[in-house]
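First comes the structure, then the notes that go with it.
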Amino acid sequence: MFRNMIQRLLHKLAFIAPGGDTIRPWLHRMRGARIGKNVWISQFTYIDELLNR
């Protein structure tokens with residue numbers, strides 16, 4: 672339960688955070704999403720919380 676809360680918090684932070692090539696990919700990786708190298712994630716991008724393999 673605690674892990675789910677942390678993942679949701681990280682997801683919400685990544686949704687609005689600046690830094691499409693630094694902070695946002697890092698936050699998504701912290702929550703368990705598999706993100707490649709040298710990616711740009713636009714602001715307000717939604718990555719599924721349930722199947723983020």
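For the sequence shown, the positions run 672 to 724 when my numbering is used.
Virtual Cβ for every residue (Gly too), placed ideally from N, Cα, C.
Report the three-state DSSP secondary structure of residue i (helix, strand or coil).
{"i": "P696", "result": "helix"}
{"i": "A704", "result": "coil"}
{"i": "F715", "result": "coil"}
{"i": "L721", "result": "coil"}
{"i": "N709", "result": "coil"}
Taking the beta carbon of residue i as the centre, do at least 16 other beta carbons fall within 10 Å, making it buried, or is it exposed?
{"i": "I712", "result": "buried"}
{"i": "L680", "result": "exposed"}
{"i": "P689", "result": "exposed"}
{"i": "R695", "result": "buried"}
{"i": "L698", "result": "buried"}
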